[in-house]
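Peer 1: One structure is given below, represented as structure tokens, and several questions about it will come after.
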Amino acid sequence: MSPFAIQLTRGFLPEDLEEEDYSKYEILEGLGVFERDERGLLKLHSLYRIGRLYIAKDGRGYLEAESKEEKDLLIDPKDLEDAKHGDEVLVRRIIARRGRASARVILVTRPAHITYLGYTHRDASGDFAVLNLKTGQPTEAIMPGMDLKAFKLGTVLLIDAESSRVREVLGHLGDPRVDERISLLLYGRKDDRFEPDAVEQALAIPSEVLPEEIEGRLDLRDLSFCTIDPVTAKDFDDAIYFDLKHHVLYVAIADVSHYVPYFSPIDKEAKERGFTTYLPHKAFPMLPRELSENICSLKPHVDRLAFVAKITLDPETLRPLKEEFFEGVIHSKRRFNYDEIDAVLEGKKSDFTPAEEEIFSWLLPLQKLTLRLKQARLKEGFDFRSDEVKLSIDADHELKETTIETGTPSHSLIEECMLLANQAAAKRFEGDGDGIFRIHEAPEMSKIEELLEELATVGIFVEVSDEAKAPAVIRAIQREAERLGLQSEVDTLIIQSLRRASYSPFNVGHFGLGFKQYSHFTSPIRRYPDLILHRLIKSDLQKDTEKEAYLLRNIESLCVRVSELERDATKAEWDFRDRKFARWAKRRIGQRFPAQILEIDLEDTNKGAKAVIECEMQGIVVQLREYDALLFERIEVEITEADIAKAVIEAKQTGKLEG
27 MSPFAIQLTR GFLPEDLEEE DYSKYEILEG LGVFERDERG LLKLHSLYRI
77 GRLYIAKDGR GYLEAESKEE KDLLIDPKDL EDAKHGDEVL VRRIIARRGR
127 ASARVILVTR PAHITYLGYT HRDASGDFAV LNLKTGQPTE AIMPGMDLKA
177 FKLGTVLLID AESSRVREVL GHLGDPRVDE RISLLLYGRK DDRFEPDAVE
227 QALAIPSEVL PEEIEGRLDL RDLSFCTIDP VTAKDFDDAI YFDLKHHVLY
277 VAIADVSHYV PYFSPIDKEA KERGFTTYLP HKAFPMLPRE LSENICSLKP
327 HVDRLAFVAK ITLDPETLRP LKEEFFEGVI HSKRRFNYDE IDAVLEGKKS
377 DFTPAEEEIF SWLLPLQKLT LRLKQARLKE GFDFRSDEVK LSIDADHELK
427 ETTIETGTPS HSLIEECMLL ANQAAAKRFE GDGDGIFRIH EAPEMSKIEE
477 LLEELATVGI FVEVSDEAKA PAVIRAIQRE AERLGLQSEV DTLIIQSLRR
527 ASYSPFNVGH FGLGFKQYSH FTSPIRRYPD LILHRLIKSD LQKDTEKEAY
577 LLRNIESLCV RVSELERDAT KAEWDFRDRK FARWAKRRIG QRFPAQILEI
627 DLEDTNKGAK AVIECEMQGI VVQLREYDAL LFERIEVEIT EADIAKAVIE
677 AKQTGKLEG
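Residue numbers (this note's numbering): 27 to 685.
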């Protein structure tokens, strides 16, 4: 269900609603669909239900059940009004028809599609059509006063789903610059243009910390904090300092909640965006750059406000003895990038400035400590070795090169510190609807069994007893994969078999990390859930029951919202990558490459297989409709087609290779 649907079902106050939902609330209020519960909150009367509409081929609709206790409601075609397949609708139950529960549509609360992308096309017989960019199917498009046939074939159009009118001509599929807009619009991601009132608010915020803002905060400016980030980073969320004498880790996080009040223009924009979207050539920030890259960024040699996690560790066991949170002010002494720290850890750099000497006096012992932390963590959690491909784009927006980003000692150092802070934040809440957790549920054993069936084709066999638990089975699979030298390939398949991590007010732990409690606290510049968590912790520290009540009253709908936004941001990033790969392949039709089979669909052999080609570019995956090879086997392929609209590369197998 959407966040609005959850509010209607669980209970809400009108002032809690998002601006875009208020007009729908007023319509429903006029229809008398609400009743008050014992808490004084409005919620849907039992005669009404809200949910996703499914329309069958015979034209009848069904409102899908949201729980085991509910049944799908039948909706006759005449009772659908103008609702379409996939829409979220409010329905009213009516007298049962043909022996089953029935209903009629009252209001479409969330259309399945508001806009979609299309492009002009002619098929092999010369017939003209506008094709939906996502489905490849013909679709209607209207542009008053303009014959769409006059556009160059491959012209990309933004089309209104309700009226079929063309809202905007985005560009042409032949121009690689159009990829950015396609990927963002396909998944509802905003660009780097903010609403005027949000920009105005950002510009009104002082560019430096004022003396009066420091009052009441713990002054940590004398401590030698530093930041460690990618070389290209501009938004520094976190800084660290380790007190060697007392074994205390300080994780200072940008105090975004100080600068972004509830319901302010920036807050509304941040809530709509949810996350920063990262494309290879550009980031599309959650917050205006005036904040994300300036006053909120923990830059070196300037005062910055921070929300700090102070964690006292047992010197022997490294278990947290005490975990505290407070508002502070820091003055970072140095901005490092990962490569600089790795060079020091590898002994390639030993000449330091006095400020660096002070930092490395505690940073090097901390790095050794984090190695022990990681070793202990992996007794319960997992270390998956799936490589991440980074793209580099040239001035013409074409693919320039790719690199494989692997975890280095400096990455691990920061990661373990952030994991400690995130766990500490999660422990402040009971986990029964009183916080915001980053959850990762254990996989279904049926998925693990499917994985084992697939791996058996390459000689990876693991015995599974009736009492076997998923963690033990996954560790056994990893041991066998390591024996065969297939760690990275098998880990990729394991990850695909796991559930997706998400946000929830109800704690179920984090399977992948092996944590009983986990949340996201350390990146409020680029993740809205972290900002909400900061507000929750602060409202608890300040005993502000009004703010806390508002946040918790709407926490479930907010978790649904940010989980959806996170998926959309990830899909946009993947889509952009695939479009650049398809353009690269388009110029290499007919060329042959070595490749390795990555994925085979055992249930549907018509889907073929996927293989990654071996060339100067890393991570380019091709689709094989026909093949004669086993999983992970090396073959030779010839690129036969590259569909830039669908961002798919087709290839055919031309032989087998040794090794």
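Cβ atoms here follow ideal geometry from the backbone N, Cα and C, with glycine treated the same way.
Everything numeric in this text was worked out from a predicted model, so none of it was measured.
Identify whether Lys97 lies in helix, strand or coil by the three-state DSSP scheme.
Peer 2: Here Lys97 sits in coil by DSSP.
Peer 1: Measure the alpha-carbon distance for Glu114 versus Leu39 and round it to whole angstroms.
Peer 2: Taking the straight line from one Cα to the other gives about 21 Å.
Peer 1: Just verifying my parser: in three-state terms, what is the DSSP assignment at Val499?
Peer 2: Correct three-state label for Val499: helix.
Peer 1: For Pro341, does the three-state DSSP call read helix, strand or coil?
Peer 2: Pro341 falls in the coil class under three-state DSSP.
Peer 1: With distances taken between CB atoms, is the gap from Ala668 to Lys606 smaller than 8 Å?
Peer 2: No; because the gap between Cβ atoms is not below 8 Å, this pair is not in contact.
Peer 1: Kindly indicate which three-state DSSP category Asn448 falls into: helix, strand or coil?
Peer 2: If DSSP states are grouped into helix, strand and coil, Asn448 belongs with the helices.
Peer 1: Closest to Ile140 by C-alpha separation, out of Phe541, Ile185, Ala176, Gly180, would be which residue?
Peer 2: The residue with the shortest Cα to Cα distance from Ile140 is Ile185.
Peer 1: Starting from the C-beta of Asp98, find all residues in its chain whose C-beta is less than 7 Å away, skip the five residues before and the five after it, and write them out in chain order.
Peer 2: Contacts found: Tyr88, Leu89, Glu90, Ala91.
Peer 1: Between the Cα of Gly214 and those of Glu664, Glu652, Arg593, spot the shortest distance and give me the residue it belongs to.
Peer 2: Of Glu664, Glu652, Arg593, the residue nearest in Cα terms is Arg593.
Peer 1: Taking the alpha-carbon of Asp420 as reference, which of Thr432, Lys308, Glu489, Ile675 has the nearest alpha-carbon?
Peer 2: Ranking Thr432, Lys308, Glu489, Ile675 by Cα distance to Asp420 puts Lys308 first.
Peer 1: If we call anything under 8 Å between Cβ atoms a contact, is Ala167 one with Leu179?
Peer 2: No. Outside cutoff.
Peer 1: Could you give the uninterrupted runs of the beta strand (DSSP E) lying entirely in the segment 149-221, keeping only those of 3 residues or more?
Peer 2: DSSP runs (the beta strand (DSSP E)) wholly in the segment 149-221: 154-158, 181-186, 192-198.
Peer 1: Measuring alpha carbon to alpha carbon, tell me which of Tyr80, Ala187, Leu143, Leu236 ends up nearest Leu199.
Peer 2: Nearest C-alpha to Leu199: Leu143.
Peer 1: Determine, using beta carbons only, whether Ile430 and Gln622 come nearer to each other than 8 Å.
Peer 2: Not a contact, by the Cβ cut-off of 8 Å.
Peer 1: Over the uninterrupted alpha helix (DSSP H) stretch that includes Asp556, give me the two end residues.
Peer 2: Residues 554-567.
Peer 1: Residue range of the beta strand (DSSP E) that His284 falls in?
Peer 2: Careful: His284 lies outside any beta strand (DSSP E), inside the alpha helix (DSSP H) at 282-285.
Peer 1: Helix, strand or coil: which one does DSSP assign to Asp264?
Peer 2: Note: Asp264 maps to strand in three-state DSSP.
Peer 1: Let me confirm a value: Val286 is counted as buried when at least 16 other C-beta atoms fall within 10 Å, else exposed. Which label applies?
Peer 2: Buried.
Peer 1: Using the three-state DSSP reduction, which class does Ile140 fall into: helix, strand or coil?
Peer 2: Reduced to three states, the DSSP call for Ile140 is coil.
Peer 1: If the criterion is Cβ atoms closer than 8 Å, does the pair Val334 and Val274 meet it?
Peer 2: Not a contact, by the Cβ cut-off of 8 Å.
Peer 1: Going by DSSP, what residue range makes up the beta strand (DSSP E) through Asp255?
Peer 2: Looking at the DSSP string, the run of the beta strand (DSSP E) that includes Asp255 is 252-255.
Peer 1: I'd like to know if the segment 55-75 and the segment 316-331 are in contact, where contact means that at least 3 CB-CB pairs between them fall below 8 Å.
Peer 2: No, because fewer than three Cβ pairs between the segment 55-75 and the segment 316-331 fall closer than 8 Å, the two stretches do not touch.
Peer 1: Please go through the same chain and pick out, in chain order, the residues whose beta-carbon is closer than 6 Å to the beta-carbon of Gly457, but skip the five residues on each side of it.
Peer 2: Once the five neighbours on either side are set aside, the close Cβ partners of Gly457 are Asn533.
Peer 1: Which word fits Ser151, buried or exposed, when buried means at least 16 other C-beta atoms lie within 10 angstroms of its C-beta?
Peer 2: Result: exposed.
Peer 1: Would you mind working out which of Ile292, Glu349, Phe310 sits nearest Asp23, comparing C-alpha positions?
Peer 2: In this structure the chain extends from 27 to 685, so residue 23 is not present and cannot be described.
Peer 1: Have a look at Asp153, Arg203, Val355 and flag the residue whose alpha-carbon is nearest the alpha-carbon of Glu241.
Peer 2: The shortest C-alpha separation from Glu241 is found at Val355.
Peer 1: Is Glu470 helix, strand or coil when you go by DSSP?
Peer 2: Correct three-state label for Glu470: coil.
Peer 1: Taking Thr596 and Asn448 to be in contact with their CB atoms under 8 Å, please state how far apart those CB atoms are, rounded to whole angstroms.
Peer 2: With a Cβ gap of about 19 Å, Thr596 and Asn448 do not count as contacting.
Peer 1: Cβ atoms of Ile661 and Val648: under 8 Å apart, would you say?
Peer 2: Against a cut-off of 8 Å, the Cβ pair of Ile661 and Val648 comes out as no contact.
Peer 1: In the DSSP assignment, what are the bridge partners of Glu278?
Peer 2: Sequence check: residue 278 is Ala here, not Glu. Paired residue(s): Ala265, Val334.
Peer 1: Does the Cβ of Gln393 have 16 or more other Cβ atoms within 10 Å, making it buried, or fewer, making it exposed?
Peer 2: The residue in question, Gln393, is buried, as its Cβ has 16 or more Cβ neighbours within 10 Å.
Peer 1: Mind reading off the beta-carbon distance from Val484 to Val490? Whole number of angstroms is fine, and I expect it under 8 Å.
Peer 2: Not confirmed; about 17 Å, so no contact.
Peer 1: Quick one: which unbroken beta strand (DSSP E) runs of 3-plus residues sit fully inside the segment 337-413? Chain order, please.
Peer 2: With a minimum length of 3 residues, the continuous beta strand (DSSP E) runs that stay inside the segment 337-413 are 346-357, 360-363.
Peer 1: Could you say if the segment 452-472 and the segment 520-540 meet the contact criterion of at least three C-beta pairs nearer than 8 Å?
Peer 2: Yes: the two stretches touch, three or more of their Cβ pairs being nearer than 8 Å.
Peer 1: Which full runs of the beta strand (DSSP E) of 3+ residues lie inside the segment 498-548, going along the chain?
Peer 2: Within the segment 498-548, the complete beta strand (DSSP E) runs of at least 3 residues are 528-532.
Peer 1: On the three-state DSSP scale, how would you describe Ala635?
Peer 2: Note: Ala635 maps to strand in three-state DSSP.
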